[in-house]
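Student:
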Amino acid sequence: MPDAAAVLDATGVAKRFGAVVALKNASLQVAAGQVVALMGANGAGKSTFVKILTGVLKPDAGHVKIKGRDSTVASPAGARKWGLVPVYQEPSLIPDLSVADNLRLADTAIEPFRHWVAELGLPGLAPDAMIRSLPLASLRIVDLARALALEPAVLLLDELTAALPTDLVDRVLKVVRAQADGGRSVIYVSHRFNEIAAICDRATVLRDGLTVGDVKIEPGIEERIVEMMLGGAVAAAVSAERPVKPIPSETPRLRVRSLKTGTRLTDVSFDLHQGEVLGVVALEGQGQDELFDTLAGNRKPSAGTVQVDGAPKTFAHPADAIAAGLTLVPGDRAHALLMSRSVRENIAVPLLARVRNWGAIRMRDEAAKVDKAIDTLQIDTRALGEVRRLSGGNQQKVTIARWIAKGVQTLLLFDPTRGIDIRTKRQIYALVRDLADQGAAVLFYTSELAEIRLACDRAVVIFNGRVVDVIDARDADEATLMRAAYGLTEKAPA
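Going by our numbering, the first residue of the sequence shown is number 6, and it counts up by one from there.
(1) Starting from Gln-34, follow its DSSP beta bridges and name the residues at the other end.
(2) Determine the extent of the beta strand (DSSP E) in which Pro-117 is found, giving its start and end residues.
(3) Span of the alpha helix (DSSP H) holding Ser-52?
(4) Measuring CA to CA, which of Leu-343, Val-261, Thr-271 is closest to Arg-471?
(5) I'd like the list of long-range same chain contacts for Cys-461, defined as Cβ closer than 8 Å, with 5 residues on each side in sequence excluded.
(6) At which residues does the beta strand (DSSP E) containing Thr-501 begin and terminate?
(7) So Gln-291 and Ile-467 are supposed to be a Cβ contact under 8 Å. How far apart are they, rounded?
(8) Please report the distance separating the alpha-carbon of Gln-39 from that of Lys-221.
(9) Are the CB atoms of Glu-509 and His-278 nearer to each other than 9 Å?
(10) Since I believe Ala-142 is in contact with Glu-289 (beta carbons under 8 Å), could you give me their beta-carbon distance rounded to a whole number of angstroms?
(11) Leaving out the 5 sequence neighbours to the left and right, which residues in its chain are closer than 6 Å to Lys-318 when beta-carbon positions are compared?
(12) Ignore the nearest five residues each way along the sequence and tell me which others in Ala-388's own chain have a CB closer than 6 Å to its CB.
(13) Identify, in the order they occur along the chain, each residue of the same chain with its Cβ nearer than 6 Å to the Cβ of Ala-46, setting aside the five sequence neighbours on each side.
(14) Taking the alpha carbon of Arg-207 as the reference point, which residue from Val-35, Arg-488, Val-392 has its own alpha carbon closest?
(15) Would you mind listing the beta strand (DSSP E) stretches within the region 201-227 that are 3+ residues and don't spill past its ends, in chain order?
(16) Sorted by chain position, which residues of the same chain lie with C-beta nearer than 7 Å to Asn-107's C-beta, five sequence neighbours on each side aside?
(17) Would you report the Cα separation of Arg-74 and Ala-287, rounded to the nearest angstrom?
(18) Would you say the region 121-131 touches the region 197-206, given that touching needs at least three Cβ pairs under 8 Å?
(19) Can you list, in chain order, the residues of its chain with a C-beta nearer than 7 Å to that of Pro-170? Leave out the 5 residues immediately preceding and following it.
(20) In the DSSP assignment, the alpha helix (DSSP H) including Met-487 goes from what residue to what residue?
(21) Sorted by chain position, which residues of the same chain lie with C-beta nearer than 8 Å to Asp-101's C-beta, five sequence neighbours on each side aside?
(22) Taking buried to mean at least 16 other C-beta atoms within 10 Å of its own C-beta, is Lys-20 buried or exposed?
(23) Give the single residue among Ile-405, Gly-412, Thr-415, Ala-464 whose Cα lies nearest to the Cα of Ala-435.
(24) Determine the extent of the alpha helix (DSSP H) in which Ser-143 is found, giving its start and end residues.
(25) Is Gln-312 helix, strand or coil when you go by DSSP?
(26) How long is the line joining the alpha carbons of Val-231 and Ser-80, rounded to whole angstroms?
(27) Of the residues Ile-476, Glu-456, Glu-124, which one's Cα is nearest the Cα of Val-465?
(28) So, is Gly-336 buried or exposed, given that buried needs 16 or more other C-beta atoms within 10 angstroms?
(29) In three-state DSSP terms, what is Gly-470?
(30) What's the gap between the Cα of Thr-415 and the Cα of Leu-331?
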C-alpha cells in the first residue's frame, strides 16, 4: 500500500528493554476504511508496538506519521489528540470505581457510551455498576464501548475477543468491520484466524521484532502467515486423532458430586482420574469460574462434596487445596505472578517452605528442579530481572512451570492459552499430555472449542451451572461441542 494512502504509517520502529530487544525494525501502515491484522508469535513485539503507537512507550528509533504528518506521541493523552485510541489486552479500568466514574476520568460522554454498549450486546449494563462486580467479558465490552464513544481515527485492538463468549464475539466483529466501512482505520491484534478472515483486509506479520511480511487476507492464507510467524516450516500440529485413554475403574483422583457455589454453579458432578485430561466446555458465565475457584479454595460451596483419592475434602483456603494436591493456574496470569521478580523466583515460590525446612542441600535440589522446569517449557529467560518483560505466552509458561517444579498431582488449568500464539499453544498441549502420561490429573477449561480435541481425553459440558453432557474427545468436533454448550444435546452425566 502506498505511504500516501496511510492514515497511520510507522516505519523502522525499534525498542529495547535492557538486553532484550523487543522491536528492531517494525513497520505498519493502515489506510482509512481498512482493518489491518497485526500478527506474530508471542514475544514478536506486537504489544510493544501498540504501546509505542499509543504513547505508553517511547521508541528508541523509527518514525510514525499520522495523516502524512510526523507525530510525536509522548503519552496516551497525546495519542488521543492524534485520534489513536487503544483497547489493550487486559482491562484498563479502575476496579474500585463505577462504570460512570471511569468514563468521566476518560472524558467520555455517557450517551455515546450507552449506544455502543447496546450495539455490542449489553444493553442492560448500568452506569452505576462497580467495575469490580463485572465479569471479564463485560469489562472488555466497557473498554471497547468507551473507545468507540471517543470517535477515534485509528482504533487499536489488542486481543479484544480472547475473553468473550461466541455471541459477543460476533457482535464485536460486526461493529469493528462497520467502523472500517464507515471510514475509520483499525489495527487488530489477534491469534484467531477465523476472526481475521472475517473482518481484516490485510495482515502485517512480526517475527523477533521485525516486520517480515504484509499480505492480503484471502482464502488459504493462514498457513503462509504461520510460516512467516515461525520463520520456516511449521511444526506438525498436535494430532486431532489422539488416542483416548480408557477410564480406569479404580478410585478417581478427584470426585465432585452435586457441587453448588453462588447462583451460577448449581449442580456439577464429575470424576477426574489419574493420567486423564478432562476438558470443561462452557459458554461465558455458566459456572466454570465458580467451579475452578471452589476447587482451588477461593470460594466456599453451599452444597455438594469433593473427594481427593477417595477422601472427603473441604477447602476453606487455597492452602487447603494445595495441601490436597490441587493447584490452580488462573487465566489472569498478571495476578498469578510476581511481576517485578525474576523467572526463577516466580517458579520457586511453592518450594520456599521446603527450602526453609531443609537448608542448603534442599536449596540446591530445588534450584535444579526450577532449571529443569524452565528447560522443559522452553521459557525465554532473557528478561531474568522482571517477569513483566516476558511475552504473555512465556508468562503463562512460568505459571505452569511453578507447579511442575513442585510436583503436581491435580492441575486445574483455567483457559491457559488465552491470548497466546499458536507455537506456545502447541507447547502447552504437549506439556499437558506429558503431565498426564506421568500420572497427573488435569482439569482443563478452554474458551477455544478446538482445543478440547487437541488436548483432552474427555470433556464435561456445563450449561446453566450444571453438567449436561460428557463427551469423548474423539467425538469433540466444534459443532458437537457448540450444540452441547448451548444445551441442545443434554444427556445424563457419566
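Glycine residues also receive a C-beta, built at the ideal position from the N, C-alpha and C atoms.
Tutor: Taking the geometry as given:
(1) Mapped onto the sequence shown, residue 34 falls at position 29. BP columns for Gln-34 point to Asp-14.
(2) Here residue 117 refers to the residue found at position 112 when the sequence shown is read from its first residue. It is not in any beta strand (DSSP E) - Pro-117 instead sits in the alpha helix (DSSP H) that spans 115-124.
(3) Working through the sequence shown from its first residue, we reach residue 52 at position 47. Its alpha helix (DSSP H) spans residues 51-58.
(4) For the purposes of this step, residue 471 is taken as residue 466 along the sequence shown, with counting starting at 1. Closest option to Arg-471, Cα to Cα, is Thr-271.
(5) Counting from one through the sequence shown, the residue named residue 461 turns up at place 456. Cβ within range, chain order: Val-282, Leu-283, Gly-284, Phe-449, Ala-478, Ala-481.
(6) This structure cannot speak to residue 501, because the chain is shown only from 6 to 499.
(7) Working through the sequence shown from its first residue, we reach residue 291 at position 286. Working through the sequence shown from its first residue, we reach residue 467 at position 462. With 8 Å as the limit, Gln-291 and Ile-467 qualify as a contact, their Cβ atoms being about 5 Å apart.
(8) Position 34 of the sequence shown holds residue 39. Position 216 of the sequence shown holds residue 221. Those two C-alpha atoms are separated by around 11 Å.
(9) Because the chain in this structure spans residues 6 to 499, residue 509 falls outside the shown range and cannot be described.
(10) Translated into positions along the sequence shown, residue 289 becomes position 284. Translated into positions along the sequence shown, residue 142 becomes position 137. 5 Å between Cβ atoms; contact.
(11) Mapped onto the sequence shown, residue 318 falls at position 313. Correct list, in chain order: Val-311, Ala-329.
(12) Residue 388 sits at position 383 when you count from the first residue of the sequence shown. With a pLDDT of 47 at Ala-388, under the threshold of 50, the modelled position of this residue cannot be trusted; read the value that follows with caution. Val-25, Arg-394, Leu-395.
(13) Here residue 46 refers to the residue found at position 41 when the sequence shown is read from its first residue. The answer, listed in chain order, is Met-234, Asp-426, Arg-428.
(14) In the sequence shown, residue 207 corresponds to position 202, counting from 1. Looking from the CA of Arg-207, the closest CA among Val-35, Arg-488, Val-392 belongs to Val-35.
(15) Complete beta strand (DSSP E) runs here, min 3: 207-212, 215-221.
(16) To locate residue 107, count along the sequence shown from 1; it is residue 102. Correct list, in chain order: Leu-98, Ile-99, Ile-136.
(17) Position 69 of the sequence shown, counted from the first residue, corresponds to residue 74. Position 282 of the sequence shown, counted from the first residue, corresponds to residue 287. Their backbone Cα atoms lie some 48 Å apart in a straight line.
(18) Too few Cβ pairs lie closer than 8 Å, so no.
(19) Here residue 170 refers to the residue found at position 165 of the sequence shown. Excluding residues within five positions, the ones whose Cβ falls inside 7 Å are Ala-142, Leu-288, Glu-289.
(20) For this step, residue 487 is matched to residue 482 along the sequence shown. Residue range 483-490 is occupied by the alpha helix (DSSP H) that includes Met-487.
(21) To locate residue 101, count along the sequence shown from 1; it is residue 96. Closer than 8 Å at the Cβ level, and outside the excluded window around Asp-101, lie Met-135, Ile-136, Arg-137.
(22) Along the sequence shown, read from residue 1 onward, the residue named residue 20 stands at position 15. Flag for Lys-20 reads buried.
(23) In the sequence shown, the residue the question calls residue 435 occupies position 430. Residue Ile-405 is the option with its Cα nearest to Ala-435.
(24) Here residue 143 refers to the residue found at position 138 when the sequence shown is read from its first residue. Looking at the DSSP string, the run of the alpha helix (DSSP H) that includes Ser-143 is 141-154.
(25) As a first step, residue 312 is located in the sequence shown; it is residue number 307 there, counting from the start. Gln-312 sits in a strand when the DSSP states are folded into three classes.
(26) Walking along the sequence shown from the start, residue 231 turns up at place 226. Walking along the sequence shown from the start, residue 80 turns up at place 75. Here the alpha carbon of Val-231 sits roughly 33 Å from the alpha carbon of Ser-80.
(27) On the sequence shown, residue 465 is found 460 positions in, with the first residue counted as 1. Per the C-alpha coordinates, the member of Ile-476, Glu-456, Glu-124 positioned closest to Val-465 is Ile-476.
(28) Translated into the one-based positions of the sequence shown, residue 336 becomes position 331. Per the 10 Å Cβ criterion, buried.
(29) Residue 470 sits at position 465 when you count from the first residue of the sequence shown. Under the three-state reduction of DSSP, Gly-470 is assigned to coil, being neither helix nor strand.
(30) Walking along the sequence shown from the start, residue 415 turns up at place 410. Walking along the sequence shown from the start, residue 331 turns up at place 326. Rounded to the nearest angstrom, the two C-alpha atoms are 5 Å apart.
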